[in-house]
Amino acid sequence: MARKKQPGIIVVDRTVPGKWENYVTPEQAVPEQALSIPWESCITMGDSFSYVPNDNYKSSQKIIETLVKIISRGGNYLMNIAPGPNGDYDPIVYERLREISGWMDKNQSAVFATRSIAPYHDGNFYYTQSKDGKTVNIFHLNDQSTYESPPTLNFTIPENFKPKSLKVLGLSDKIKWKQNGNSIEINLPKERNQLKYSTVIQVTQ
Numbered sequence: 146m147a148r149k150k151q152p153g154i155i156v157v158d159r160t161v162p163g164k165w166e167n168y169v170t171p172e173q174a175v176p177e178q179a180l181s182i183p184w185e186s187c188i189t190m191g192d193s194f195s196y197v198p199n200d201n202y203k204s205s206q207k208i209i210e211t212l213v214k215i216i217s218r219g220g221n222y223l224m225n226i227a228p229g230p231n232g233d234y235d236p237i238v239y240e241r242l243r244e245i246s247g248w249m250d251k252n253q254s255a256v257f258a259t260r261s262i263a264p265y266h267d268g269n270f271y272y273t274q275s276k277d278g279k280t281v282n283i284f285h286l287n288d289q290s291t292y293e294s295p296p297t298l299n300f301t302i303p304e305n306f307k308p309k310s311l312k313v314l315g316l317s318d319k320i321k322w323k324q325n326g327n328s329i330e331i332n333l334p335k336e337r338n339q340l341k342y343s344t345v346i347q348v349t350q
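146 is the number of the first residue of the sequence shown in my numbering; add one for each residue after it.
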């Protein structure tokens with residue numbers, strides 16, 4: 146009945162999967178692999194969906210790692226932040242949002258409007274690609290409380306992808322790199338110490 150009135154309506158059926166469901170919403174979890182249907186992970190910044198005084202808010206490191214894992218598997222990240230009784234957020238929420246937006250300013254081209262691409266994730270490396278398939282983005286994470294970019298990184302690229310240029314988002318120095326088959330090795334300059342939360346490599350063919 147709703148679709149007769151509004152053919153473009155998007156429905157998430159929280160109880161009965163099937164033909165009426167446009168996308169699914171795993172809560173507080175990220176699927177272990179890419180899904181064949183549209184999806185978004187619904188995850189709280191704190192521990193609770195509703196406001197809790199002195200809630201245990203996730204670190205910006207953890208939030209960005211979660212974002213990278215979600216987009217590498219083709220999903221969206223719906224982050225829940227609960228306002229308090231005065232309608233405002235806790236001060237720590239604004240701190241997290243400033244840190245996340247600072248990272249996003251430098252790395253948004255590897256996040257927004259991207260698509261998943263095999264191998265999706267290989268060890269500490271996670272992959273996305275541009276809509277036109279000409280650019281592959283490789284995120285390096287370390288799943289530690291703080292991130293430190295190593296001087297050398299070795300990673301694979303998708304089969305039949307022929308890289309012509311490479312850069313590390315957020316760094317102005319030219320990156321030294323070499324290819325051997327479908328493997329690439331890059332040497333990062335001292336400037337890598339400026340990188341927070343991840344190293345994001347953008348390879349274009």
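For every residue, glycine included, the Cβ atom is placed at its ideal position computed from N, Cα and C.
A quick note: this is a predicted structure, and the numbers were derived from the prediction, not measured.
Query, Result
"Three or more C-beta pairs below 8 Å linking the segment 215-223 and the segment 174-193", "yes"
"K312 and Q347 closer than 9 Å at C-beta", "yes"
"Rounded straight-line distance, which links the Cα of H266 to that of K276", "18 Å"
"Every unbroken alpha helix (DSSP H) within the segment 291-332, with a cutoff of 4 residues, ordered by chain", "none"
"Bridge-paired residues (DSSP) for L223", "C187"
"Any non-hydrogen atom of the ligand HEM closer than 8 Å to Q206 Cβ", "In the structure on display, the ligand HEM does not appear, and there are no ligands present to speak of."
"Close beta carbons around M224, own chain, < 8 Å, minus the five adjacent residues each side", "I188, T189, M190 and I208"
"7 Å CB neighbourhood of K341 in its chain, flanking five on each side removed", "W248 and Y292"
"Whole-angstrom distance between F306 and S246, CA atom to CA atom", "31 Å"
"G159 classed as buried or exposed, judged by whether at least 16 other C-beta atoms fall within 10 angstroms", "The question names Gly, but residue 159 in the sequence shown is Arg. Classification of R159: exposed, given that the 10 Å Cβ count is below 16."
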